[in-house]
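When we follow my numbering, the leftmost residue of the sequence shown carries the number 178, and every step to the right adds one. Even glycine gets a Cβ: it sits at the ideal position worked out from N, Cα and C. As the structure is a prediction and not an experimental result, all values here were calculated from the model.
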Amino acid sequence: MLYRRLRYSSCGVFLLVLSILPFTEVSGQNGQPYVVRETVSDCVNVRTRPSASADSVVCIPAGTQVTVLESVPYWRRLPSVGSQQRWMAKKFLVPIIPPAPLTSTAMPADAWLEVHFVDVGQGDGIWIHTHDDGIDGNGRFEGRNIVIDGGPYSSDRTNPFLPYLEDRAHHGAIIDALIVTHAHTDHYRGAETLSRHFTIQDYYDPGFPSTASGYQAFLTSLRGTDTDPARAQNIHLGQGNFGNLDWGSELTAEVLYTWPGNNTGLGSGNTLVNNTSIVMRLEYGNHSFLFMGDGEGKDRNDSPATARYVEQILITTVSATQLDVTVLKIGHHGSETSSTLPFIQAVDPEIVVVQSGRKSFNGTFIPDATTLQRYCDHNAAIRIYRTDQNDEVDGLSAAESPDGDHIVIRTNGTTLQVEAFEGGQPFTVNSCQSS
Ligand SMILES: [Zn+2]
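If you want it as structure tokens, here you go:
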């Protein structure tokens, strides 16, 4: 399917180009030998597209050697037969040749980092995919999959994040890192869904001792019980247990903040839980991302002139150059309790992403218009992208608002592209005014 993609370069020039869905990153390798994993019980299906729903043309037994031509998220391409492409799930393939030592730190122009802000309704759901150069094991361009939160819906039927990933992945595919920013239902419920369908390598959350029964049940399922196997290989609760976040040497990933182990100065009730959020920064080439979770900067009726809570902690503990990022995933769905003026000044983003849905909080919908206006007042050139794009205009309810307003951002370290959708169709945001 052809469609229009909005390209956004780091110097602010917009270009409209034609492209093809799904986005495929053509890796540099050519004809790498792999073998079908010996532990596969029977055989592995070879499909005509990189999708679990594509037709299977043959099933290849364990131990068979194959040639890999390129890699995309969750799939590797084998040589075509005639005009028919052949794809195999990445999880079932093992490289034969030991990885060559790294000789260069150059960033190939096709080495795209993808960040997908999935429209999960009123909540957060982010999938990050690092470039896969098809050379496994050398710690660089390893095709890692990182998920931050899963949205509010726990059932397979209602959670839009599940089909979003399943369309691109295969059964049992690996999520290298699942991060639940804090113990609120609009962040962990959908993560629970994903944990039932994918292999979770490492799970991270703030370690805040929430007694919410749903959250406790989620943790139990990750750990496993006498009757159910563990859903996560490693569980890291609290920053002291996070270790280094190593998703490839080409990417710098840091937790800038999470619950410090006491509640002093973090508010109470829901405010406190929001202010336990894991705040993460990614840097890739010339571009950087700040993921705020639901970290807040003030109480609703406070002036935005003064920062408190997580925003104030970041301002005082993180260097100015670290806090100044290209892309900001706005805190707390763009609520008036986020985005104080000192924080906006410090972060100075080029792009703001709002993850929200059309849910009424005692008559208030978020993001608040006042919050977004503060970004536009700071810099009218800021682009604001929303996963609740036009949900109000369209008259959607909370349950209807996950309607395909996805935001996909890609960078190869020098060029940044934003691909936005509204109701599943390509959508262009040109200015603060149109957001
Ligand atoms: Zn939330």
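Three-state class that DSSP yields for Gly367 in the structure shown: On the sequence shown, position 190 is the one that residue 367 refers to. Here Gly367 carries a helix assignment [DSSP, helix/strand/coil].
Where do the N-terminal and C-terminal ends of the alpha helix (DSSP H) with Glu343 fall, by residue? As a working note, residue 343 is residue 166 in the sequence shown. Residues 338 to 343.
Give the single residue among Ala286, Asn556, Ala266, Tyr365 whose Cα lies nearest to the Cα of Val297. Reading the sequence shown from its first residue, position 120 is the one you call residue 297. When only C-alpha atoms are compared, the closest one is Tyr365.
Residue span of the beta strand (DSSP E) that contains Ser228, given as start and end: The residue labelled residue 228 in the question sits at position 51 within the sequence shown. Looking at the DSSP string, Ser228 is not in any beta strand (DSSP E), and its letter there is neither H nor E.
Cβ-Cβ separation, Ile455 to Thr358 (assumed contact under 8 Å), whole Å: Here the question's residue 358 lines up with position 181 in the sequence shown. Here the question's residue 455 lines up with position 278 in the sequence shown. Confirmed, Cβ separation roughly 5 Å.
Going by alpha carbons, who is nearest to Tyr434 out of Pro340, Gly470, Pro210, Ile273? Translated into positions along the sequence shown, residue 434 becomes position 257. The shortest C-alpha separation from Tyr434 is found at Gly470.
Proximity winner among Thr225, Ala360, Leu593, relative to Gln393 (alpha-carbon distances): Walking along the sequence shown from the start, residue 393 turns up at place 216. Of the listed residues, the one whose Cα sits closest to Gln393 is Ala360.
Where does the unbroken alpha helix (DSSP H) through Asn451 begin, and where does it stop? Counted from its first residue, the sequence shown places residue 451 at position 274. 446 to 451 is the span of the alpha helix (DSSP H), which, as asked, contains Asn451.
With DSSP as the reference, please indicate the residues paired to Ala409 in a beta bridge. For the purposes of this step, residue 409 is taken as the residue at position 232 of the sequence shown. Bridge partners of Ala409: Ile377.
Three-pair Cβ contact test at 8 Å for the stretch 464 to 478 versus the stretch 490 to 502: Under the three-pair Cβ rule at 8 Å, the stretch 464 to 478 counts as touching the stretch 490 to 502.
How would you write the range of the alpha helix (DSSP H) that Arg334 sits in, first residue to last? Here the question's residue 334 lines up with position 157 in the sequence shown. Premise fails: Arg334 is in no alpha helix (DSSP H) and is neither H nor E.
Check for me: the beta strand (DSSP E) holding Ile586 runs from which residue to which? In the sequence shown, the residue the question calls residue 586 occupies position 409. Note, Ile586: beta strand (DSSP E), 584 to 588.
Phe468, enclosing beta strand (DSSP E) - first and last residue: Translated into positions along the sequence shown, residue 468 becomes position 291. 464 to 468 is the span of the beta strand (DSSP E), which, as asked, contains Phe468.
When you measure from the CB of Gly615 to every non-hydrogen atom of ligand 1, does any distance come out below 7 Å? Any question about residue 615 goes unanswered here, given that the chain covers just 178 to 612.
Is His364 near ligand 3, judged by its Cβ being under 7 Å from some heavy atom? In the structure shown, ligand 3 is absent; the only ligands present are ligand 1.
Under a three-way DSSP split, which group does Ser281 fall into? Translated into the one-based positions of the sequence shown, residue 281 becomes position 104. Ser281: coil per DSSP, three-state reduction.
Using the three-state DSSP reduction, which class does Glu202 fall into: helix, strand or coil? Position 25 of the sequence shown, counted from the first residue, corresponds to residue 202. Because Glu202 carries a pLDDT of 37, less than 50, the predicted location of this residue cannot be relied on, and no value is offered for it.
Specify, as a first and last residue, the run of the beta strand (DSSP E) that Ser257 falls within. Position 80 of the sequence shown, counted from the first residue, corresponds to residue 257. In the DSSP annotation of this structure, the continuous segment of the beta strand (DSSP E) that includes Ser257 starts and ends at 252 to 258.
Kindly list the residues whose CB is nearer than 7 Å to the CB of Asn452, restricted to its own chain and excluding five residues on each side of it in sequence; keep chain order. In the sequence shown, residue 452 corresponds to position 275, counting from 1. Contacts found: Leu443, Gly444, Gly472, Glu473, Tyr486, Val487.
Give me, in chain order, the residues of the same chain whose beta-carbon lies closer than 7 Å to that of Thr362; leave out the 5 immediate sequence neighbours on both sides. Locating residue 362 in the sequence shown gives position 185, counting from the first residue. Only residues of its own chain outside the window of five on either side were considered, and among them Pro329, Gly391 have a CB closer than 7 Å to the CB of Thr362, listed in chain order.
Is Asp382 near ligand 1, going by C-beta to nearest heavy atom under 7 Å? Along the sequence shown, one-based indexing puts residue 382 at 205. Checking the Cβ of Asp382 against ligand 1 gives no.
Give the secondary structure of Pro519 by DSSP, where H, G and I count as helix, E and B as strand, and everything else as coil. By one-based count along the sequence shown, residue 519 stands at place 342. Pro519: helix per DSSP, three-state reduction.
Flag this pair as touching only if the stretch 306 to 326 and the stretch 276 to 294 have three or more C-beta atom pairs under 8 Å; answer yes or no. In this structure the stretch 306 to 326 lies against the stretch 276 to 294, because at least three pairs of beta carbons, one per stretch, are closer than 8 Å.
For the structure I just gave you, are there three or more beta carbon pairs, one from the stretch 537 to 552 and one from the stretch 561 to 578, closer than 8 Å? Yes, since at least three Cβ pairs between the stretch 537 to 552 and the stretch 561 to 578 fall closer than 8 Å, the two stretches touch.
In three-state terms, what does DSSP make of Gln602? Residue numbering aside, residue 602 sits at position 425 when the sequence shown is read from its first letter. Strand, per DSSP.
For the stretch 229 to 243 against the stretch 321 to 328, do three or more pairs of beta-carbon atoms, one drawn from each stretch, fall closer than 8 Å, so that the two count as touching? These segments do not touch.
Between Lys268 and Ala368, is the Cβ-Cβ spacing less than 8 Å? The sequence position of residue 268 within the sequence shown is 91, counting from 1. The sequence position of residue 368 within the sequence shown is 191, counting from 1. No; because the gap between Cβ atoms is not below 8 Å, this pair is not in contact.
Inter-residue spacing [alpha-carbon to alpha-carbon] between Arg214 and Leu270: As a working mapping, residue 214 is identified with position 37 in the sequence shown. As a working mapping, residue 270 is identified with position 93 in the sequence shown. One C-alpha to the other measures close to 5 Å.
When DSSP labels each residue in this structure, what does Thr388 get in the three-state scheme? For the purposes of this step, residue 388 is identified with residue 211 of the sequence shown, where counting begins at 1. DSSP places Thr388 in the coil class of the three-state scheme, outside both helix and strand.
Please report the distance separating the alpha-carbon of Thr448 from that of Asp580. Within the sequence shown, numbered from 1, the residue matching residue 448 stands at position 271. Within the sequence shown, numbered from 1, the residue matching residue 580 stands at position 403. Using only the alpha carbons, I get a separation of about 28 Å.
Output the distance between the C-alpha atoms of Thr517 and Leu339, rounded to the nearest integer angstrom. Counting from 1 along the sequence shown, the entry for residue 517 is found at position 340. Counting from 1 along the sequence shown, the entry for residue 339 is found at position 162. Taking the straight line joining both Cα atoms gives about 34 Å.
Which of helix, strand or coil DSSP assigns to Glu488: As a working mapping, residue 488 is identified with position 311 in the sequence shown. Reduced to three states, the DSSP call for Glu488 is helix.
Hey, out of Asp301, Val249, Ala389, whose CA is closest to Ser228's CA? Taking the sequence shown and counting its residues from 1, the one referred to as residue 228 is at position 51. Minimum Cα distance to Ser228 is reached at Val249.
Per DSSP, what are the beta-bridge partners of Arg317 in this structure? Here residue 317 refers to the residue found at position 140 when the sequence shown is read from its first residue. DSSP output for Arg317 lists no bridge partner at all.
Euclidean distance between Cα positions of Pro337 and Val258: Numbered from its first residue, the sequence shown carries residue 337 at position 160. Numbered from its first residue, the sequence shown carries residue 258 at position 81. Taking the Cα positions, Pro337 is about 34 Å away from Val258.
How far does the beta strand (DSSP E) with Asp353 in it reach, from first residue to last? Locating residue 353 in the sequence shown gives position 176, counting from the first residue. Taken as a continuous stretch (DSSP letters only), the beta strand (DSSP E) holding Asp353 covers 351 to 356.
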